[in-house]
Amino acid sequence: MWNNVEYLMEKFSSNKVRNFMKWLYKISSSNKCELIFSTDFSNIDGEKTEEIKELIADARLGLFSESISNYLRRKTIQLLSDGEKYSFTKIAQALNIKDNPKLSFHLKKLKDDGVIEQDEEKRYFLSDIGKEIADVLEDIKRKGTNI
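My numbering applies: residue 1 is where the sequence shown begins, and numbers increase by one.
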């Protein structure tokens, strides 16, 4: 009898399961929900266990890599990593952005991915996932300067 993730992997290709999990992760992040994948590893061989773990990690990494694939999104995440809340205008000024539609597009992308949120005054700030991404960016930056 297959449960949860194992069931999906038995019925569908790894690529379909990976894409489905990425989609679920993106939806849950943008709705401020925690996504929990479950499986009982006691009845699964080592190779299948590793494949499942890799699929789960890949779903999370997909969101990270998509969010940091653009320079402006990376700079926005780094700006918001100070814990402050920024208005659209304040972000545009801090990043020296004159193209408002371009900034709007990237802020919407970060918001849809659950990386940033807005308060009742429409000020932007990092979500919990956004804070994790900011930490990863800072770690990469720090290691890059130590080479």
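Here a beta-carbon is modelled for each residue, glycine too, at the ideal position from N, C-alpha and C.
Check: Exposure of E121, with buried meaning 16 or more beta-carbon neighbours within 10 Å; Outcome: exposed
Check: Simplified DSSP assignment, three categories, for L103; Outcome: helix
Check: Any non-hydrogen atom of the ligand MN closer than 7 Å to K22 Cβ; Outcome: You won't find the ligand MN in this model; it holds no ligand whatsoever.
Check: Option nearest G130 by Cα separation, candidates K11, E10, Q78 and D40; Outcome: Q78
Check: Residue environment, T39, which counts as buried when at least 16 other CB atoms sit within 10 Å; Outcome: buried
Check: Reference I36; option with closest CA among V115, Q93 and L55; Outcome: L55
Check: One or two residues paired with I116 in a DSSP bridge; Outcome: L126
Check: Nearest to E132 (by Cα), restricted to the options I27, I68, P101 and S14; Outcome: I68
Check: Range covered by the alpha helix (DSSP H) that runs through I91; Outcome: F88 to A94
Check: CB contact flag (Y124, K98, <8 Å); Outcome: no
Check: Where Y39 falls: helix, strand or coil (DSSP); Outcome: Checking the displayed sequence, the identity of residue 39 turns out to be Thr instead of Tyr. Note: T39 maps to coil in three-state DSSP.
Check: Buried or exposed (CB count within 10 angstroms, at least 16 for buried), S13; Outcome: exposed
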